[in-house]
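What follows is a single structure, written as structure tokens, with notes after it.
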Amino acid sequence: MRTPPLRMAGTAVLALASSLALCACEREMRRFETPPDNRAAPRPEAPRTSALQPAEARSDPVRLPAGNGEGYEDNAYNVAQGKRLYRWFNCAGCHAQGGGGMGPALIDDQWRYGSEPAQVFSTIMQGRPNGMPSFGGHLSEDQVWQLTAYVRSMSGQLRKDTAPGRADALQANEPEAARDREPARPGAK
Amino acid sequence: MNDERAMQQQPGRTPAPPHLKDGPGPGSPEAAALDATWRDPPGLLGWLAAVNHKAIARRFIVTTFCFFVAGGLLAFVMRLQLARPGARLVGPDLYNQLFTMHGSTMMFLFAVPVMQAVAVYLLPLMLGTRSVAFPRLNAFAYWIFLFGGLMLYAVFALGAAPDVGWFSYVPLAGPDYSPGKRTDFWAQMITFTELSALLEAIVVITTVFKLRAPGMALNRIPLFAWAMLVTAFMVLFAMPAVMLASTTLITDRLVGTHFYNPAEGGDAVLWQHLFWFFGHPEVYLIFLPGLGFLSAIIPTFARRPIFGYTAMVLALIATAFLAFGLWVHHMFAVNLPELGKSFFTAASMLIAIPSAVQIFCWIATLCSGRLDFKTPLLFALGFFFILVLGGLTGIMLASVPLDLQVHDSYFVVAHLHYVLIGGAVFPLFGAFYYWYPKITGRLMSERLGRWNFWLFFVGFNVTFFPMHLLGLRGMPRRVYTYQAGLGWDTLNLVATLGSWIIALSALLFVVNALRSLRRGAPAGPNPWGAGTLEWATESPPPPCNFHAIPVVHGRDPLWEPPRAAADGGPPPFTHVGGLAAHTRELLATTVLDARPDLRVNFPDPTIWPLVSALAVTVLFIGSIFTPWAVVWGSIPIAIALTAWFWPRRAETAVHLRLEQGP
Amino acid sequence: MMDALHDVLAPFGPQAGHVRGLWTLTLAVCTVVFAAVLAALLVALLRAQRAGAESAPDLSSLGRPEPGRRRSVIAAVAASTLLLLALIAASIFTDRALARLSTDGALRLEVTAHQWWWEVRYVEPQVADSFMTANEIHVPTGRPVIVTLKADDVIHSFWVPSLAGKKDLIPGRTATLNFRADRDGIYRGQCAEFCGSQHALMAFFVLAEPPERYAAWAAAQRRTAGEPAEGQPLRGREIFMRSSCAMCHAIDGTSAQAVRGPNLTHLASRGTLAAGSLANTPEDLRRWIADPQQVKPGSYMPATRLSSEDMDALVGYLQTLR
């Protein structure tokens, strides 16, 4: 009499757990280890397309992205780190809280240089003409992927449960998790 | 034979005769009818639909005990990591999840629920009635608690457990510094468990006030009942604070409110006030039932009624009131006005006085009694050593200057375990050994019980006493590792060795409990020679608790037989008879004097509490991910609650017939 | 690692000293009370007769009051109450003593806690004399110190057991802590409010020095970093400015002025690295820069991948920042 309820309870618990597994695991992982550099598999290089660099200019080219940012947009920690780095490295100086100013808005559907993660990564690494500095070599690739994931969350490209909530700061607009998805429109402004 | 089968097929219905009434003792057809009426329906569906308080309480106790073991295992892993400096057994992220889960499990999933579960089992038996008030609500509260606990552990199994401490301070737990849904699961677990606790509190209060045996005036109820009554009132006032706090945290994280955002007018300290306004009474919610256990165990094993009953009751009530005036002592390191903090120092020290009254009354009882050194008494004696030591370190922590040195260090870890384990877990184990014969009909092994006690006592002190010294030597709390050469190495290793002894003791308890189920000596109705009403009925009690509700004439009804009538004849009233045996009917009595007041019809077993709990679970878990879940999730809840309360024609017909012709 | 003092029971300043006094009193009172309660219990246990479950309970107390026992309990409660009131008074007096620390001629510091390091700013009357450091505080022995406490992200707590009680640093609020070190020495402090992954490795040191030595240290701290020598140190600075270092760290005298990480202008003058997690040696510095996650997993500092020569150059340069 006692075992059937327990066994049924056990099965129910397993079913619930496995249905949560698909979403929960990846979102909540905190991978602190530094991702491997993989110099053994050299990647093609690209020139910097901006004259501007932070601190002192480097002369080396940047490496093209490996992959399309897998593992960053599904991971809440990485996106939150991207938000922190956006604040730290003064992206708001040109892009404000996403509304733009000296630089273009990041919360809209216009992506002059492409909205795919690899394209945003390249934009940050190589820089772009008309003012976007080239950060290649000044930030680690891990950091740039985190920034990429965050930038894409600003126009609602990420899942609602992974996008960040509000910051502990003055709020200019709604939290990224509450923004509706702006499907990217390619092409110039 | 035919009748019995018919009775089993339709619980609560007997074919003929239609108006059996209770009163005759066990063995009579009326008693059989009563048992059939109050028994849970058979099969899986019957198990899920049960509303009998003993059935719900048994599974509730087993569930909370499973959480206790889980929480203990988490702590065991933490101690393994801390045994050596710079150990790499567990990294910082997992460690933070471990201590958050350990604290949350012990505080929310074990300590308060187990006390409520034991109360739900014992109170009707102690008070001389057949059920708790609101039996379906009681069942719902259990299911909600279970689902909340399962949710938390499911999330832990997925590596996504909350990792910001059981107290979850903002801004660390806020949306900016705690990405993902980890903290949201914690906050929603709060909602589950606090809802369960609030509902159980309502059940307890109503049971103690209205469902007592005639003659059991309020100043005759067992001190355990007083302890649970006072605890339940505390729950009503304390739990809403944490529910409010966790709800505002969820809205900050989910929809971007600014309760805890200083830049937009919020305040991180608001969280601390809300949380600790609940958090301090919470520890008294855990402590007071322990005091109730002691007041049940000590008189029995000192073979005399408790000394100072009235003082004990007043001490419980005083403790409860004072407990709401202490919360800022968790915040002494915050820049709050010093004069205000001094007020909380005074209150924190003065709350020791009602506890001192209780301790001295127990000692007076033991002094003037004749002692029976069984295992329950051993655990009660363990309380005196451990709780008093913990209470005295509490006096130290009550002082602002002292607290500013040892706050958030291992000194506090030592203190809290001394008071919680000494004040609640030791009495709880004593209570297990004391009431196990009543619940199962068999005695636990005394030999294993002694080993259990001594291993626990020694292991506990070896684990936690060194932590006082660690705190004084500067070791903070909630650290996943520490550096070598700071003078903390040996003490940490000793504490870890102690944790092995505690683990062994817990294992012994489980072995004892399981083995005694089959091989324990059969216990009669009253193996300890105790005086309270639960020992008047069989072990285990029949489904209806009492075949004839007793009339009570004193505080220890089994010790004080009813007095003879004025003319020397037999005592006028010893039992109540005439309640229906074919439907669940109870006698409600007045609050103060327990004079018979109403005959109340109680509901039959029903699946709707479980279904409602599932619907509420869907709403709660959904609202972690989207605020719309509150809207969509209300619909299944409305349907389930409607079905729950919809009157059943057959049941109502039986009740109406009883009203017209009792 | 620096050999430092960090014991509540070994005070080296008046704040910790007052607390130590209160501790001694409270411990004495509590020990006496504990012993008394245990003694009463032991007497009760040893004197009482034994009985079994079958024996009839003693109901003589029903109806008949127990005056002797009542007197004893009341006396015990009264004695406990008086002792508690005395301890309350002692606590309040100690509070007042702590508040009365003279702050004449105090040194002013501003400590801002970050995840997981301590930013320290010395506030001088002449703004030009103010300077920044991280994780290590030098104070002149015998001179009071007023520390303003702020937090940049989450709640932390500033605790130097041998010198004073702790105070929380809460975002959006400014707190103050006053203390004075009365003996030369190195005192260890550690964050005492759970603040995330690396709460465990967020230590700091307070070095109390004779006033002249302190003045020399402060003067050195005010100087900006000089031009590095040709060759390896100059190359090291180049690497610093062109890698990710300059994105977060400042070295006064260079164009690296970011405030996201600790100020490194006088890195080589400190006893430890990474908030007390590592000794300040070339090997540990190299290990830290190459992969901070191996030392403090969860730390916000990224790994810096450099060739062996470049790393030598960088570490060599940083070691010149005295």
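Chains as they are written, first to last, in this note's numbering: chain Z, 1 to 189; chain R, 1001 to 1662; chain E, 2001 to 2322.
Note that beta-carbon positions come from the ideal geometry of N, C-alpha and C, so glycine has one too.
Buried or exposed: R:F1307, going by 16 or more other Cβ atoms within 10 Å of its Cβ? buried
Here's the rule: buried if 16 or more other CB atoms are within 10 angstroms of the residue's CB, otherwise exposed. What is R:G1149? buried
Check the Cβ-Cβ distances between Z:L170 and every residue of chain R, and say whether any is below 8 Å.
yes
### Task
Identify whether E:H2156 lies in helix, strand or coil by the three-state DSSP scheme.
strand
* Going along the chain, which residues of its own chain have a beta-carbon closer than 6 Å to the beta-carbon of R:L1366, five neighbours each way excluded? -> A1302
Self-check item: Candidates E:A2303, E:A2200, E:G2226: closest to E:S2244 by CA position
Solution: E:A2303
Q. Within 8 Å (strictly less), CB to CB, does E:H2114 reach chain R?
A. no
*asked:* Determine, for Z:R27, whether the minimum Cβ-Cβ distance to residues of chain E falls below 8 Å.
replied: no
- prompt: From R:R1212, R:L1218, R:Q1660, R:F1432, pick the residue whose C-alpha is nearest to that of R:V1062; which is it?
  reply: R:F1432
Task: Per-residue DSSP class, three states only, for R:H1415 - done: helix
Residues in the same chain with beta-carbon distance under 6 Å from R:F1108, minus the five sequence neighbours each way, listed in chain order, please. T1193
Next on the checklist: Excluding the 5 residues flanking R:V1479 on each side, which residues of the same chain have their C-beta closer than 6 Å to its C-beta?
Outcome noted: none
* Does any heavy atom of the ligand FAD sit closer than 7 Å to the C-beta of R:R1599? -> The ligand FAD is not among the ligands present in this structure, which contains no ligands whatsoever.
Got a sec, what are the start and stop residues for the beta strand (DSSP E) E:E2110 sits in?
-> 2107–2114
Could you check whether the segment 1172–1184 of chain R touches the segment 1558–1577 of chain R, counting it as contact only if at least three pairs of C-beta atoms, one from each stretch, sit closer than 8 Å?
no
Check your understanding: With respect to the alpha helix (DSSP H) encompassing R:L1470, which residues constitute its N-terminal and C-terminal limits?
Key -> 1446–1472
* Going by DSSP, which residues form a beta bridge with E:R2180? -> E:P2144
Check: Below 8 Å, can you find three or more Cβ-Cβ pairs linking the segment 66–85 of chain Z to the segment 28–39 of chain Z?
Finding: yes
Residue range of the beta strand (DSSP E) that includes E:G2189
2185–2190
For this session: Would you give the residue range spanned by the alpha helix (DSSP H) that Z:A184 belongs to?
Result: Looking at the DSSP string, Z:A184 is not in any alpha helix (DSSP H), and its letter there is neither H nor E.
Worksheet item: Which class does E:W2117 belong to by DSSP, given the choice of helix, strand or coil?
Response: strand
- Message: Rounded to whole angstroms, what is the Cα-Cα separation between R:G1072 and R:A1503?
- Response: 8 Å
*Taking C-beta pairs closer than 8 Å, name the residues in chain E that Z:P54 reaches, listed in chain order.*
A2246, M2247
Worksheet item: Out of curiosity, what's the CA-to-CA distance linking R:P1124 and R:L1223?
Response: 14 Å
Answer with yes or no whether the minimum CB distance from Z:R152 to chain R is below 8 Å.
no
(Q) Using beta carbons (cut-off 8 Å, strictly below), is R:Q1009 in contact with chain Z? (A) In this prediction, R:Q1009 scores a pLDDT of 43, lower than 50, which makes its location untrustworthy; the coordinate-derived value is nonetheless stated afterwards. Chain Z, which has no Cβ nearer than 8 Å to the Cβ of R:Q1009, makes this no.
| field | Classification of Z:D161 by the beta-carbon crowding that lies within 10 angstroms, buried from 16 upward | value | buried
Q) Per DSSP, which one or two residues make a beta bridge with E:S2130? A) Answer by DSSP bridge pairing: none, since E:S2130 is not bridged.
Can you say whether R:L1291 is buried or exposed, counting buried as having 16 or more other CB atoms within 10 angstroms of its CB? buried
* Taking only beta-carbon atoms, is E:S2102 less than 8 Å away from chain R? -> no
For a contact meaning CB atoms closer than 8 Å, what does Z:E174 contact in chain R?
G1256
With a threshold of 7 Å on Cβ separation, who are the neighbours of Z:A184 within its own chain once the five nearest residues in sequence on each side are excluded? D109, W111, S115
* Asked: Is R:F1625 close to chain Z, meaning its C-beta is less than 8 Å from at least one C-beta of that chain?
  -> yes
Item to check | the segment 2167–2185 of chain E contacting the segment 1451–1458 of chain R, beta-carbon criterion three pairs below 8 Å | outcome: no
* Asked: Between E:A2250 and E:Q2257, which are expected to be in contact by the criterion C-beta below 8 Å, what is the C-beta distance as a whole number of angstroms?
  -> 5 Å
DSSP state of R:V1114 mapped onto helix, strand, coil: helix
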